[in-house]
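Asker: Please find one structure pasted underneath; my questions will follow.
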Amino acid sequence: MNDVKIKKPCKEKVKYEIQIEVYGVKICIKSNRKSFFEEIKKQLYKTIPVKFETVADQISEYIFYLNAVENNLYEFCVNDENLGKATKATILEVFDSKLRITIAEFAVSKVFLHAGVVEWKGKAIIIPANSLQGKTTLVTELVKKGALYYSDEYAVIDENGFVHPFPKMLSLRGIVDKHTQVDYAVETLGGRAGSERIPVGLFLLTGFELGWKPKRWKPKFLTAGQGILEIIPHVISIRNNTKFAIKTLNKVAKRAIIVKSKRGEAKEFADLLINFFETNVNYTSDLDC
Amino acid sequence: MSQIPVARKEGLVIQEMPDEVLVYDLETNKAHCLNQTSAFVWKACDGKKSVVEISKLLGNSVSEDLVWLAIDQLSEKNLLESKLSLSSRGQSRREAIKKIGLASVIALPFVASLAAPTSVLAVVSCGQACGGTLNVRCPAIVNCQCTGVPGGATGTCSGA
Chain A
1 MNDVKIKKPC KEKVKYEIQI EVYGVKICIK SNRKSFFEEI KKQLYKTIPV KFETVADQIS
61 EYIFYLNAVE NNLYEFCVND ENLGKATKAT ILEVFDSKLR ITIAEFAVSK VFLHAGVVEW
121 KGKAIIIPAN SLQGKTTLVT ELVKKGALYY SDEYAVIDEN GFVHPFPKML SLRGIVDKHT
181 QVDYAVETLG GRAGSERIPV GLFLLTGFEL GWKPKRWKPK FLTAGQGILE IIPHVISIRN
241 NTKFAIKTLN KVAKRAIIVK SKRGEAKEFA DLLINFFETN VNYTSDLDC
Chain B
1001 MSQIPVARKE GLVIQEMPDE VLVYDLETNK AHCLNQTSAF VWKACDGKKS VVEISKLLGN
1061 SVSEDLVWLA IDQLSEKNLL ESKLSLSSRG QSRREAIKKI GLASVIALPF VASLAAPTSV
1121 LAVVSCGQAC GGTLNVRCPA IVNCQCTGVP GGATGTCSGA
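Here the protein sequences line up with chains A and B, keeping their order. Read left to right, the first sequence gives residues 1 to 289 (our numbering). Read left to right, the second sequence gives residues 1001 to 1160 (our numbering).
This is the structure:
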């Protein structure tokens, strides 16, 4: 139990604001202190790794308030919900997470899956998984082997079933401690980020298992229905936009392979995955769909 | 007890696929994947056909037990208008499967289900700040809990 209900929303004396529209989600960000507001604006480009519009006089559905309050503390509200006070670094961290998840949940004409994504020879490998399942580790290894980086957090799928890049900084754990994330630009790993929408070649539903080392890797092939069923728990907007999400996933599942398997260490597993992809995925173009 | 099963249609998002049907229940936020046999039975539950008639539609050699096995699962998943179960016939699923036998020419009916996640808006990632005066939740995954104290010290969402 870690909920603290603070009733008073933080709406007083807010002088600075920026209005943005990302994937059709209209958001206004407000602050009462200019220097803090400038830091927030800088962070926006890190939080949202895709082009977005700044707009004037829009009616925003989501208003984020980040205000400096007493004793070097900062306060954060989303609409009427007060998320509490903390240090500047903590508030910016929570803001980063909230902003991204708001966009993911309410994006128009896009389905956001919690997943790692890379491109291999023109098609996407999507690895849907919860936090702490090693998405970033596996994505990092695939990038080191030449895959184009699309995201370590979200697969952004459009209504025609194509994946768009969401190339935020890779958030690696295990450097400071088991849980703290340290951000790296994909270029520092010798990789590159993709910039085009691409069709999906493979969905891999996997989880790390210590000591997993098969003689020959034989993942279980899932039917489209079984696959979508297993992907649904990773769809951020499934409750808000069920019909669109399922229709979109069905389009993707018609053309992609969906497999399920345990995996071992990411470095060795990345080779198995690439070999499997090259053997099983059809490379004929389906960009005309 | 009525033996005229009726498929539920309200409050569901239905996606037809070549050999299966995916059903999302908007009331329970659960998704169900019906294999070919259970999908056939479900679609045949139009409130007009009896279990015997549905079994004949599936094929002459198909036993009533196979249809009942499908109906039992569909009913359990709340995909029928009213409850119908094998137990009301004094039969268990195991007994029904045994009776149908391995020689069945049709795949056994099967309905797989999974629950959708709750809204993630109030959730921060594992490793992020929580507790203290922050009104945020750690993700509902194993080994990721807040080390902070509500109203006390701020902590992080972290595992054991």
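Idealized CB from N, CA, C, for every residue including glycine.
(1) Report the three-state DSSP secondary structure of A/ALA129 (helix, strand or coil).
(2) Please name the residue or residues paired with A/THR54 in a DSSP beta bridge.
(3) Might you give, ordered along the chain, the residues of its own chain that have their beta carbon closer than 7 Å to the beta carbon of B/GLN1003, omitting 5 neighbours on each side?
(4) Within 7 Å: the Cβ of A/VAL235 and any heavy atom of the ligand NAD?
(5) For the stretch 211 to 232 of chain A, which residues have a beta carbon sitting closer than 8 Å to at least one beta carbon of chain B?
(6) Whose C-beta lies closer than 6 Å to the C-beta of A/ASP183 among residues of the same chain, with five residues either side of it excluded?
(7) Roughly how many angstroms lie between the CA atoms of A/PRO49 and A/LYS110, to the nearest whole one?
(8) Looking at the secondary structure, which residues open and close the beta strand (DSSP E) in which A/THR206 lies?
(9) Under 7 Å Cβ-Cβ, which residues of chain B neighbour A/VAL94?
(10) Using the C-alpha atoms, what's the distance from A/GLY191 back to A/LYS26?
(11) Tell me A/VAL163's beta-bridge partners as DSSP assigns them.
(12) Taking a Cβ distance cut-off of 7 Å, strictly less, list which residues of the stretch 57 to 78 of chain A are near chain B, in chain order.
(13) I want to verify the contact list: residues of chain B whose CB lies under 8 Å from the CB of A/LEU83, in sequence order.
(14) Using only CA atoms, which one of B/ASP1065, B/SER1061, B/ASP1025 and B/GLU1020 lies nearest to B/SER1092?
(15) Do you know how far the Cα of A/PHE244 is from the Cα of A/GLU159?
(16) What number of angstroms, rounded off, separates the C-alpha of B/CYS1033 from the C-alpha of A/CYS77?
(17) B/LEU1022 to B/VAL1041, Cα distance in whole Å?
(18) Please report whether the beta-carbon of A/ALA86 lies at a distance below 8 Å from any beta-carbon of chain B.
(19) Cβ of B/LEU1080 within 8 Å of Cβ of B/CYS1130?
(20) Can you give me the start and stop residues for the beta strand (DSSP E) that B/SER1154 sits inside?
Answerer: Based on what the coordinates show:
(1) It is coil, neither helix nor strand.
(2) Paired residue(s): A/ILE20.
(3) The residues are SER1050 and VAL1051.
(4) As presented, the structure is devoid of all ligands, the ligand NAD included, so that no description of it is given.
(5) Those residues of the stretch 211 to 232 of chain A that come within reach of chain B (Cβ to Cβ, closer than 8 Å) are THR223, ALA224, GLY225, GLN226, ILE228, LEU229, GLU230 and ILE232.
(6) Apart from the 5 residues on each side of it in sequence, A/ASP183 sits with its Cβ closer than 6 Å to the Cβ of MET169 and SER171 in its chain, given in chain order.
(7) For A/PRO49 and A/LYS110, the distance between alpha carbons rounds to 16 Å.
(8) Where A/THR206 is concerned, the enclosing beta strand (DSSP E) stretches over 200 to 208.
(9) Neighbours of A/VAL94 on chain B, chain order: VAL1124, GLN1128, ALA1129, LEU1134 and VAL1136.
(10) Here the alpha carbon of A/LYS26 sits roughly 32 Å from the alpha carbon of A/GLY191.
(11) Among the bridge pairs identified by DSSP, A/VAL163 is matched with A/ILE157 and A/ILE198.
(12) Cβ contacts with chain B: none found.
(13) Within 8 Å Cβ-Cβ: LEU1134, ASN1135 and VAL1136.
(14) Out of B/ASP1065, B/SER1061, B/ASP1025 and B/GLU1020, B/ASP1065 has the C-alpha closest to the C-alpha of B/SER1092.
(15) Inter-residue distance for A/GLU159 and A/PHE244 is about 8 Å (C-alpha atoms, whole angstroms).
(16) B/CYS1033 and A/CYS77 have their C-alpha atoms spaced approximately 40 Å apart.
(17) Their backbone Cα atoms lie some 14 Å apart in a straight line.
(18) Cβ-Cβ to chain B under 8 Å: yes for A/ALA86.
(19) Cβ distance not < 8 Å, so B/LEU1080 and B/CYS1130 don't count as in contact.
(20) According to the sequence shown, residue 1154 of chain B is Thr rather than Ser. 1154 to 1158 is the span of the beta strand (DSSP E), which, as asked, contains B/THR1154.
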